[in-house]
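Student:
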Amino acid sequence: AAAASAGPPRYDCAVAFAVECLSLFCRLAGEDAAMRDALLARGLLEEVFANCLINAPRRCVGPATRLLCTLSLGSEAATTALQRRLSARLQLCLLHHSALPQEELLAPEVTLLCDLASMHDDLWPQRLAMLLGALRSGIRLVSAPPPSSDAAQRPSTSFLCRRLVLPCLRVLLATIAPPAPVVPPMPSGAASPTLTELAGAGGSGVRAAALDFGAFLASPAATFAGWHSGSGATVSPAATVQSRARAAALRCARRWRAA
């Protein structure tokens with residue numbers, strides 16, 4: 102792949118051959134753990150990181166990232182080796198980012214960093230700690246005051262936010278976001294589910310209320326305590342008006358005392 106990136110455009114067949122080999126290695130490493138260990142013992146991880154991810158054609162970055170993730174999945178030694186090389190590369194790019202061309206700078210490294218942090222195995226805390234460290238480094242550089250008053254530092258700040266800070270924040274948001282409730286599929290020809298059925302299917306602690314307007318009119322003196330106890334009664338309009346008036350009076354009293 103490194104030789105193909107330096108050649109003229111007519112040698113795109115070399116890039117296609119490298120991409121096919123990366124896909125084949127990824128399939129072999131994902132299907133057989135013994136084959137993955139054999140590939141790691143022959144230095145495939147170091148070779149792919151140095152020649153197919155860094156200074157490589159854009160078409161090789163995606164297959165190389167998938168192969169590196171597959172090689173490090175469930176392997177503590179491969180994960181440690183990959184993180185050591187990736188950390189050194191990130192620190193080098195962050196240290197000299199203002200003097201380097203920003204076309205493809207940090208793009209393959211951050212893509213690999215985010216894909217590693219999104220993997221689910223026993224080593225995810227180690228990968229998440231690395232993501233947090235890179236995020237702190239990026240925020241520290243963005244928040245630091247520029248050394249001079251010229252405007253040359255502004256594109257560098259926006260570049261770091263776009264290439265490093267925002268992708269890391271997206272991964273963290275996807276990590277801490279609660280899973281969406283699973284709603285069972287509605288069979289064809291069935292009626293639309295009611296609010297009670299949706300509340301019961303969500304499973305998120307929402308109390309299923311019986312929305313019966315006739316029962317509401319028949320018991321106008323019902324309270325919230327009665328509904329909460331499970332008797333099926335609802336809150337009357339008079340109680341709602343009284344509670345709102347009492348809240349408004351308390352707000353006016355607080356403003357009067359503050360004045």
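Residue numbering for the sequence shown follows the numbering used here, starting at 102 and increasing by one per position.
Backbone N, C-alpha and C fix where the C-beta goes; we use that ideal spot for every residue, glycine too.
1. Going by beta-carbon coordinates alone, are THR171 and GLY131 separated by less than 7 Å?
2. Report all residues from its chain with a CB closer than 7 Å to the CB of ALA208; omit the five preceding and five following residues, and keep chain order.
3. Who are the Cβ neighbours of ARG160 in its own chain at under 7 Å, not counting the five residues just before and after it?
4. Excluding the 5 residues flanking SER257 on each side, which residues of the same chain have their C-beta closer than 7 Å to its C-beta?
5. Quick one: is GLU210 buried, meaning 16 or more other Cβ sit within 10 Å of its Cβ, or exposed?
6. Whole angstroms are fine: how far does the CA of CYS122 sit from the CA of ASP113?
7. Looking only at its own chain, which residues have a Cβ that is under 7 Å from the Cβ of LEU242, when we skip the five neighbours before and after it?
8. Report the option in SER259, CYS269 and CYS127 whose CA atom is closest to the CA atom of GLN203.
9. Is ALA235 buried or exposed, if buried means 16 or more other CB atoms sit within 10 Å of its CB?
10. Rounded to whole angstroms, what's the CA-CA distance from ALA278 to CYS269? Just pull it up for me.
11. Can you list, in chain order, the residues of its chain with a C-beta nearer than 8 Å to that of ASP223? Leave out the 5 residues immediately preceding and following it.
12. Can you list, in chain order, the residues of its chain with a C-beta nearer than 6 Å to that of SER173? Leave out the 5 residues immediately preceding and following it.
13. On the CB-based measure, 16 or more other CB atoms within 10 Å of its CB, does THR276 come out buried or exposed?
14. Quick check on THR335: does DSSP put it in helix, strand or coil?
15. Which of helix, strand or coil does DSSP assign to HIS197?
16. What is the residue span of the alpha helix (DSSP H) that PRO164 lies within?
17. So for ASP222, helix, strand or coil by DSSP?
18. Among THR166, ALA157 and SER238, which one has its Cα closest to the Cα of SER188?
19. Where do the N-terminal and C-terminal ends of the alpha helix (DSSP H) with PRO279 fall, by residue?
20. Could you check if PHE118 is buried or exposed, using at least 16 other CB atoms within 10 Å of its CB as the buried criterion?
21. When burial is assigned at 16 or more other CB atoms within 10 Å of the CB, is ALA157 buried or exposed?
22. If we require 4 or more residues per run, which alpha helix (DSSP H) segments fall completely within the stretch 108-152?
23. Between ALA134, THR212, GLU205 and ARG190, which has its C-alpha nearest ALA165's C-alpha?
24. Measuring alpha carbon to alpha carbon, tell me which of PHE150, ALA134, ARG228 and LEU145 ends up nearest ARG190.
Tutor: Reading from the atomic positions:
1. Less than 7 Å separates the beta-carbon of THR171 from that of GLY131.
2. Same-chain partners within the cutoff: ARG264.
3. Excluding residues up to 5 positions away in sequence, VAL116 and VAL120 lie with their Cβ nearer than 7 Å to the Cβ of ARG160 in the same chain.
4. Same-chain partners within the cutoff: HIS198 and SER199.
5. Taking all protein chains in view, the Cβ of GLU210 is crowded by 16 or more other Cβ atoms within 10 Å, so the residue is classified as buried.
6. Taking the straight line joining both Cα atoms gives about 14 Å.
7. Excluding positions up to five away in sequence, the list reads LEU195 and LEU261.
8. Closest by alpha carbon: SER259.
9. Buried.
10. The C-alpha of ALA278 lies about 14 Å from the C-alpha of CYS269.
11. GLY175, listed in sequence order.
12. Only ALA179, THR180 and LEU183 meet the Cβ criterion.
13. THR276 comes out exposed.
14. Note that THR335 has pLDDT 46, beneath the 50 cutoff, so the model's placement of it is unreliable and no number is given.
15. It is coil, neither helix nor strand.
16. Residues 159-173.
17. In the structure shown, ASP222 sits in coil (DSSP, three-state: anything other than H, G, I, E or B).
18. For SER188, the closest alpha carbon among the candidates THR166, ALA157 and SER238 is that of SER238.
19. Boundaries cannot be given for PRO279, as no alpha helix (DSSP H) includes it and DSSP labels it neither H nor E.
20. Flag for PHE118 reads exposed.
21. Using a 10 angstroms sphere on the CB of ALA157, the tally of other CB atoms reaches 16 or more, which defines it as buried.
22. The DSSP assignment places 113-132, 134-142 and 145-149 as complete runs of the alpha helix (DSSP H) inside the stretch 108-152, in order along the chain (cut-off: 4 residues).
23. ALA165 has its Cα closest to that of THR212, out of ALA134, THR212, GLU205 and ARG190.
24. Out of PHE150, ALA134, ARG228 and LEU145, PHE150 has the C-alpha closest to the C-alpha of ARG190.
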